[in-house]
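Asker: Mapped onto our numbering, the consecutive letters of the sequence shown carry residue numbers 393 to 1088.
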Amino acid sequence: MQGTRALAAVVFDPLLPLPLFALLAALAAAAVGLALWRRARGAWLRGFVALVLVLALANPRLVQETRQGLTDIAVLLVDETASQRVGARAAETAVARRELEARARGLEALELRTVTVPETGSAGTRLFEALARALAEIPRGRFAGTLALTDGQIHDAPGDDPAAIAEATGGAPFHLLLTGRPGETDRRVRVLQAPPFGIVGRSVEVRVAVEDLGGAPDGRPVMLTERRDGAAPRRTPVTPGREHVIAVPIERAGRSVIEIEAEERPGEVSLINNRVVVEINGVRDRLRVLLVSGEPHAGQRTWRRLLKADPNVDLVHFTILRPPEKDDLTPLSELALIAFPVRELFQVKLREFDLIIFDRFTNRGILPPVYLRNIADYVRAGGALLMSVGPEFVGPASLYNTALGQVLPASPTGRVVEMPYRARVTALGERHPITAALPGANMGEAEPAWGRWYRRIEATPPRGQVLMSGPGEEPLLIADRVGEGRVALLLTDQIWLWSRNHDGGGPQGEILRRVAHWLMKEPDLEEEDLRVHVEGERLIVERRSIAEGPPPELTLTSPTGAVSIHRAEPAGPGRAILELPAAEPGVWRVSDGTRFAFGAAGAANPLEIADLRASAEPAGAAAARSGGAVLWLAEGVPELRRVLPERSSRGQGWVGLRRNRDHVVTGVADLPLMPPWAALLLVLGGAIWAWRREGR
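(1) From what residue to what residue does the beta strand (DSSP E) around V637 run?
(2) Spell out the partners DSSP gives T542 in its beta bridges.
(3) Can you tell me where the beta strand (DSSP E) with V487 in it begins and where it stops?
(4) Could you have a look at I530 and say whether DSSP puts it in helix, strand or coil?
(5) Helix, strand or coil for T947? Go by DSSP, reduced to three states.
(6) Quick one: grab the DSSP three-state call for D769.
(7) Which ranges would you report for the beta strand (DSSP E) in the stretch 807 to 884 if only whole runs of at least 3 residues count?
(8) Per DSSP, what kind of secondary structure is T694 in: helix, strand or coil?
(9) Strictly by DSSP, which residues pair up with F535?
(10) Ignore the nearest five residues each way along the sequence and tell me which others in L778's own chain have a CB closer than 7 Å to its CB.
(11) Go through its chain and collect everything with a Cβ distance to L1023's Cβ below 6 Å, but skip five positions before and after it.
(12) Pick out whichever of E491, I870, A654 has its Cα sitting closest to the Cα of P854.
(13) Does the separation of the CB atoms of R680 and F738 fall below 7 Å?
(14) Check whether the Cβ atoms of L462 and R534 lie closer than 7 Å to each other.
(15) Going by the beta-carbon positions, is the gap between R579 and A654 smaller than 7 Å?
(16) Which of the three DSSP states, helix, strand or coil, is assigned to R644?
(17) Pull up the distance between the alpha-carbon of L584 and that of R678, whole angstroms please.
(18) When the distance is taken between beta carbons, is E635 closer than 7 Å to A601?
(19) Hey, A1006 and E576: beta-carbon distance below 7 Å or not?
(20) Could you spell out the range, first to last residue, of the beta strand (DSSP E) harbouring S685?
(21) Can you confirm whether the stretch 947 to 961 touches the stretch 894 to 905 when touching is taken to mean that 3 or more C-beta pairs between the two stretches lie within less than 8 Å?
(22) Can you pull the DSSP bridge partners for F520?
(23) Assuming A993 and E976 form a contact by the criterion Cβ under 8 Å, report the distance between their Cβ atoms to the nearest whole angstrom.
(24) Excluding the 5 residues flanking V403 on each side, which residues of the same chain have their C-beta closer than 6 Å to its C-beta?
(25) Considering only their Cβ atoms, is the gap separating D552 from A1015 smaller than 7 Å?
(26) Check P1068 in the structure and name its three-state DSSP category.
(27) Can you list the beta strand (DSSP E) stretches of 3 or more residues lying completely in the stretch 739 to 785, in chain order?
(28) Return the first residue and the last residue of the alpha helix (DSSP H) that G901 is part of.
(29) Going by beta carbon distance, what residues of the same chain come within less than 7 Å of G659, once the five residues before and after it are set aside?
(30) Check whether the Cβ atoms of P943 and A960 lie closer than 7 Å to each other.
(31) How many Å lie between V771 and G606 at the Cα?
(32) I need the DSSP call for L796, collapsed to helix, strand or coil.
(33) Does DSSP put L502 in a helix, a strand or coil?
(34) When DSSP builds the beta bridges, which residues end up paired with I957?
(35) Anyone know if the C-beta pair for V858 and T827 falls short of 7 Å?
(36) When the Cα atoms are used, what is the spatial distance from G544 to A1011?
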């Protein structure tokens, strides 16, 4: 608060409406003027009476106000966005802030309010939005001006429009106090086009450009380094300012992280924007599945319905309705609508299929041994085989008795067990992605909540992974890796009962979908897996393993090369999670000692690092039109002065804050200068005097 002072003034409060008062005053002036012109006796006394009447009607009053002065309010904006953390800008800002706050405390009748401008997602520096919020709490009559500590990279500046500038600055001086140095240079890598996904087996194009900002271009090529998932780097010379195309082959399904980095430019302000990260998700184009069914049975439609429901699956389905040895003299043209293309499927185009399924198929000479050997070789070379078997698996025509038996994980004992039971997920299955967290599954010793089955095929101890078991922990669902390929064996033909909701049903579609996708090596279903992804500003590491025991230590390497050791927290059977802040943009590398994973953290505020040079251009017009100054803190923190609104607000080494002299009225004294009794005495006295004067 400023001191208290008194102010007196004469005010008029007419007793009549202003038009009528003006008319009467004009008539009185005319009458007096006419009398004076005719030199009438007592004219000046008439004028005196008319003047007293007019003053009485004007009701003059002496008003004396007692005023309490108010302090002016200035705003100190402190930019704390990402670009302000480059180099020594943050320290320079902190020093200037302390000095300005100390100098403001030494000025009379001034309050300095400090407002920080934090990160605001990906919208850049919203400095004028922060100023608008501060102005909403300040009376305009008390606003003295703004001091902005920033590098000048402001993304909501009002431009050159005078009306917009006046609204944005509150009609007071806006002083731009810049960190950094004039004439800074920078180099950045900008992604012009990057596809979010690509088809496995094909290549996609990533288009980038290297741009040099500030300074004179030297025309020399720049070395551009490309790394994919931490592999060996590939270096290519590129010309700054020109588009460069990078061909990225999509070799596998799942995420691929491509890091692109330009070499350092001599003298540039920072290397943060010399590197960009692109993530491309590899997807398969139309998974081709071959389904071969044996004799028709109740569950045959289950497989077809499941595979047809997936739009990414291209299904080829054949059903063997009649064994070749059955001879009932039926003409061959009536045995099938089309001939079974054995050679085309199992020799010519066999390796075009991503998955082969045999559903209760009996080998009765339909497939010659050479074709079954081709299927076994197909699995060893990286193919996928799923077999759902019934009683036909134990007979002499069983596929196990062919070359295919060499890749199967278990052999039949010759027994078909007929009894009701509920399938259970094994301890290993609780950790395996195929059967982990299945709806209704047993947990520990608890019974599963799904329906019963009534038949299973007894098999010898398997060599693969038993994920589900029947009574007595006998194997029921077995998964195995053979060479480069994978095999799954389901030792029952009654999973279709779940799809009919028999005895409560079960997750038939989910388990068969997981089995099929695990066989086709989908990354999300790998049993030993380490992956990294970034959500917002959090780095999330997920480790999955079927091995027992606590998760191993994880070695984390940040984009700047800093190495730290962490231990993930268990998050369920076979899963462990590690969450950390991802403050640095770039590629994060995680290792568990065996596997490596890479995660891409983009810039939290891409506009902030698009141009890291300190510059007065974005907000310079606002400072100039508001009467403010543009000063570099490298030349010293300016002095603060109080100035009147009509005076200049800037000078050599100083900036001015407006002195508004706003106040509140704390008391009012009102004294009539022409009270009614005085007016009456003066009018009567004047009238009598005029009468006597004119009557002589």
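Glycine is no exception: its CB is placed at the ideal position from the N, C-alpha and C atoms.
All values derive from a computational prediction rather than experimental measurement.
Answerer: Let me lay it out:
(1) 635 to 641
(2) L570
(3) Looking at the DSSP string, V487 is not in any beta strand (DSSP E); the run it does join, the alpha helix (DSSP H), is 481 to 497.
(4) coil
(5) strand
(6) helix
(7) 845 to 851, 857 to 861, 867 to 874, 877 to 882
(8) helix
(9) I465
(10) L747, I749, A880, V907, A908, L911
(11) L569, P1030
(12) I870
(13) no
(14) yes
(15) yes
(16) coil
(17) 29 Å
(18) yes
(19) yes
(20) Its beta strand (DSSP E) spans residues 679 to 685.
(21) no
(22) In the DSSP output, where bridge partners are listed per residue, F520 has none listed.
(23) 7 Å
(24) So the qualifying residues of the chain are R453, V455.
(25) no
(26) The answer is helix: DSSP assigns P1068 an H, G or I state.
(27) 747 to 751, 776 to 780
(28) 900 to 911
(29) T577
(30) yes
(31) When rounded, the distance between both Cα atoms is 59 Å.
(32) Looking at L796 - three-state DSSP - the assignment turns out to be helix.
(33) Reduced to three states, the DSSP call for L502 is strand.
(34) T947
(35) no
(36) 7 Å
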